[in-house]
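Undergrad:
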Amino acid sequence: MSSSLLNKFGRRIRWGMVGGGIDSLIGETHRLSARVDNRYELIAGALSIDPLIAKKTSELCLINNDRSYEDFHMMAENESKREDGIEVVTIATPPHLHFEIAKIFLAKGISVICEKPITKNLSEALELKQIVEKSKCLFALTHCYTGYPMVREAREKVKSGAIGQIRQIQCDFVSGPFMVEEKDIRKKHWRFKPEYMGKETILGEIGTHAYNLATFVTLEKPLRVSANLRVLTYGRQTYDDGQLVFEYSNGRLGRMWLSFVAAGNEHGLSFKIYGTKGSLEWSQEQPESLYLRSPSNAEQRITPGFPERMSVGGYHACRLREGHPEGYVLAFANLYRDFADKFISKKIGVENSSGHFPDIYDGVETMKFYDAASRSNQNDGAWISI
Ligand SMILES: NC(=O)c1ccc[n+]([C@@H]2O[C@H](COP(=O)([O-])OP(=O)(O)OC[C@H]3O[C@@H](n4cnc5c(N)ncnc54)[C@H](O)[C@@H]3O)[C@@H](O)[C@H]2O)c1
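Read in order, the letters of the sequence shown correspond to residues 1 to 386 in this note's numbering.
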């Protein structure tokens, strides 16, 4: 966002959070990301299911006592009545609550930045789409890997025809820190409890990230999926590994390996995309390197920070000069910045088409994938239309 836009707006966006307390994994990443561009002011929150942790987190964030809520219903009600109430809320609770929370805030005219997976199931996502469309609000979904400069550059390379017509798409999310099942039910993360997102929770937790990333970069949606999920860890009640095959138009195939138990792996998100002229490869753990290969030229390692070497879309996501690693938080911050950009432009009546953030329509697509892959898995890997 250009600073002149913010100057015209004359203040920061009044922002709140539901979930994301100090008892959470992702809350602080949101706060760091929102601070980067100085566009948001965190002034209210229902930050934890535990009232003491909610209060403690509010204190750490310098949120006034009267705007630290124990309950998100109360937060939506009170904030919407205030002249200086929040305009945007981030939802960073476990996913089974996303729909209910989003619905309540949207009904009060408050825009939403929602963690993935967007909802518990496809029917909730479809209903949420209608609610967003009827509202005057913006809705963003934090599939944060689309904020990396090299991911955006990869999309621009595909658009420009650098690899020709796409033939094969491979996007994997194979992490490895969850090799042993937690025996103490109180300590067990909800991603391994079937009552939250079903036995197929792996599809929402990491599958939607990989699916969103692949569709973002390739600008293609698969037509059908065949999914086979497995439980590889003793005592685990949810799937922790699986192979998925996708069919694209003209019979082309794509593949996705999802795992929580790839021994020794850390994060494990990556893609390889092959076309008629060449291929692109990127991995989340070396996010500053995008590889472009072709049969006729030497491998090209594309790196961020060079305006003359990058597309406008890719360079828009760069913050630092060449040779200075940017990393996860700045990628996440790109979503916050691009959302703020849109939000403020809309408020002050300025046209703005720069930047990108995954939206409600991406959310619906990810849940179509989730739904089809779950049904395929329940039918022994049968091909199911997405
Ligand atoms: N974008 C990413 O890369 C990324 C990474 C990790 C997690 N996530 C997503 O973020 C969301 C949260 O995941 P997490 O791992 O941080 O979960 P977590 O269980 O670690 O934290 C959840 C937070 O929500 C709070 N909470 C639960 N119920 C609440 C309620 N009724 N009211 C207010 N607060 C409530 C908890 O107290 C906690 O602060 C999930 O949807 C997850 O998939 C996204």
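All C-beta atoms in this analysis are idealised placements derived from N, C-alpha and C, irrespective of residue type, glycine included.
Given the structure is predicted, the values throughout are model-derived calculations rather than measurements.
Pairs of beta-carbons, one from the stretch 181–189 and one from the stretch 365–374, closer than 8 angstroms: are there three or more?
TA: The answer is no - the stretch 365–374 does not touch the stretch 181–189, with fewer than three Cβ pairs under 8 angstroms.
Undergrad: Asn64: buried (16+ other C-beta within 10 angstroms of its C-beta) or exposed?
TA: That one is exposed.
Undergrad: Exposed or buried, which one is Ala263 when buried takes at least 16 other CB atoms within 10 Å?
TA: Result: exposed.
Undergrad: I need the DSSP call for Gln387, collapsed to helix, strand or coil.
TA: There is simply no residue 387 to check, as the chain begins at 1 and stops at 386 in what is shown.
Undergrad: Heavy atom of ligand 1 less than 6 angstroms from the Cβ of Phe72, yes or no?
TA: Answer for Phe72: yes, Cβ within range of ligand 1.
Undergrad: Helix, strand or coil for Leu60? Go by DSSP, reduced to three states.
TA: It is helical.
Undergrad: Say the cut is 6 angstroms; is the CB of Ser24 nearer than that to a heavy atom of ligand 1?
TA: Correct: Ser24 has its Cβ closer than 6 angstroms to ligand 1.
Undergrad: Please give me, in chain order, every unbroken run of the beta strand (DSSP E) with length at least 3 that falls completely inside the stretch 109–140.
TA: 111–114, all fully within the stretch 109–140.
Undergrad: Using the Cβ count rule (16 or more neighbours within 10 Å means buried), how would you classify Leu128?
TA: When all chains shown are included, Leu128 counts as buried.
Undergrad: With Ile348 and Leu6 assumed to form a contact (beta carbons below 8 angstroms), what rounded beta-carbon distance in angstroms separates them?
TA: Contact doesn't hold; Cβ gap of about 10 angstroms is too wide.
Undergrad: Could you check whether Ala333 and Ile13 sit closer than 7 angstroms to each other, using their CB atoms as the reference points?
TA: No; because the gap between Cβ atoms is not below 7 angstroms, this pair is not in contact.
Undergrad: Go ahead and label Thr358 buried or exposed: buried means 16 or more other beta carbons lie within 10 angstroms of its beta carbon, across all protein chains shown.
TA: A small fix is needed here, since residue 358 is Pro in this sequence, not Thr. Buried: at least 16 other Cβ atoms inside 10 Å.
Undergrad: Where Met1 and Ala331 are concerned, what is the direct C-alpha to C-alpha distance, given to the nearest angstrom?
TA: Residue confidence is low: Met1 scores 41 on pLDDT, short of 50, so the model does not pin down where it sits. Its coordinate-derived value is still stated next. Each residue's Cα considered, the two are about 15 angstroms apart.
Undergrad: Should Tyr156 be listed as close to ligand 1, given that the test is whether its C-beta is under 6 angstroms from any heavy atom?
TA: Position check: residue 156 holds Glu in this sequence, whereas Tyr was assumed. No, the Cβ of Glu156 stays beyond 6 angstroms of every heavy atom of ligand 1.
Undergrad: By DSSP's criteria, Arg14 is part of a beta bridge. Which residues make up the other side?
TA: For Arg14, which the question treats as bridged, DSSP gives the partners Glu41.
Undergrad: Tell me whether the beta-carbon of Gly20 lies closer than 7 angstroms to the beta-carbon of Ala102.
TA: Not a contact, by the Cβ cut-off of 7 angstroms.
Undergrad: Using 10 angstroms around the beta-carbon of Glu153, count the other beta-carbons present and answer buried if the total reaches 16, otherwise exposed.
TA: That one is buried.
Undergrad: Tell me the rounded alpha-carbon separation between Trp15 and Tyr40.
TA: Answer to the nearest angstrom: the Cα atoms are 6 angstroms apart.
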